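Position 99, counted from 1, in the sequence shown is what my numbering calls 324; the numbers after and before it change by one each time, with no gaps.
For every residue, glycine included, the Cβ atom is placed at its ideal position computed from N, Cα and C.
Given the structure is predicted, the values throughout are model-derived calculations rather than measurements.
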Amino acid sequence: LGPEGKGLCTWLMLWPALVVVAGRLGLDFSATYFGRTEPATRPAIRTVLGPLAWIAGSGLAALFFGLALLARHSSGIGQPVLLAVSMAAGPLGLYVALAQGLLLGCARVRAYNILALLVPALYTGALFAVWLVRPALVRVELVIGLWTGAYALAGLAA
Numbered sequence: 226l227g228p229e230g231k232g233l234c235t236w237l238m239l240w241p242a243l244v245v246v247a248g249r250l251g252l253d254f255s256a257t258y259f260g261r262t263e264p265a266t267r268p269a270i271r272t273v274l275g276p277l278a279w280i281a282g283s284g285l286a287a288l289f290f291g292l293a294l295l296a297r298h299s300s301g302i303g304q305p306v307l308l309a310v311s312m313a314a315g316p317l318g319l320y321v322a323l324a325q326g327l328l329l330g331c332a333r334v335r336a337y338n339i340l341a342l343l344v345p346a347l348y349t350g351a352l353f354a355v356w357l358v359r360p361a362l363v364r365v366e367l368v369i370g371l372w373t374g375a376y377a378l379a380g381l382a383a
């Protein structure tokens, strides 16, 4: 990737991470608490988490997308299409974080650990496989695509 590509990847991955951090707002801890103390509410919690993650995550992703475009415009780095693709990981990551909170509340620690390892394992495995077959294909576009895809698959698994 080179120094410029690594910097761009870091910049593109930073914004969706901010969406997850800002969007959690303690909801993952609430899901853990209520999932554990009031088992009858688990189906309702699960029903609410999905739409909540998508609505809050999409709103925050749009806000941070605008901020990132402003930062890109002033600094001259980044590409809007790649930024849009990477921002899709924001709501997905938020959903995974909230689902992990509910899994802990249900005392499903093994499922929680699997979900926690799924994104890094999928991303690293796919990137390593591409690098083994054709190292020249490893570019910023592929890295961001694989990273967002790993979050999408983890969201489906949650």
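Three-state class that DSSP yields for residue i in the structure shown
{"i": "valine 363", "result": "coil"}
{"i": "cysteine 234", "result": "helix"}
{"i": "glutamate 229", "result": "helix"}
{"i": "arginine 261", "result": "helix"}
{"i": "glutamine 325", "result": "helix"}
{"i": "leucine 308", "result": "helix"}
{"i": "glycine 282", "result": "helix"}
{"i": "leucine 342", "result": "helix"}
Status (buried if at least 16 other CB within 10 Å, exposed otherwise) for residue i
{"i": "tryptophan 356", "result": "exposed"}
{"i": "threonine 272", "result": "exposed"}
{"i": "arginine 364", "result": "exposed"}
{"i": "proline 360", "result": "exposed"}
{"i": "valine 306", "result": "exposed"}
{"i": "alanine 332", "result": "exposed"}
{"i": "threonine 373", "result": "buried"}
{"i": "valine 358", "result": "exposed"}
{"i": "glycine 315", "result": "buried"}
{"i": "phenylalanine 290", "result": "buried"}
{"i": "valine 245", "result": "buried"}
{"i": "glycine 173", "result": "Outside the displayed span of the chain (226 to 383) sits residue 173, for which this structure offers no information."}
{"i": "isoleucine 369", "result": "buried"}
{"i": "leucine 226", "result": "exposed"}
Pick from the options that is closest to residue i, judged by C-alpha positions
{"i": "isoleucine 270", "options": "Gln325, Leu288, Ile339", "result": "Gln325"}
{"i": "leucine 378", "options": "Glu263, Ala309, Leu343", "result": "Leu343"}
{"i": "glycine 330", "options": "Ala313, Ala287, Thr257, Ala336", "result": "Thr257"}
{"i": "tyrosine 348", "options": "Gly275, Ala375, Asn338", "result": "Ala375"}
{"i": "serine 311", "options": "Asn338, Tyr337, Gly282, Thr266", "result": "Gly282"}
Expected contact under 8 Å - CB spacing of residue i and residue j to nearest Å
{"i": "leucine 319", "j": "glycine 248", "result": "4 Å"}
{"i": "alanine 278", "j": "leucine 340", "result": "Contact flag wrong, Cβ pair sits at about 14 Å."}
{"i": "leucine 317", "j": "glycine 380", "result": "4 Å"}
- Message: Whether or not the stretch 251-262 and the stretch 233-242 are in contact is what I'm after, with contact meaning three or more pairs of Cβ atoms, one per stretch, closer than 8 Å; do they touch?
- Response: The stretch 233-242, when compared against the stretch 251-262, does not touch it at the 8 Å Cβ threshold.
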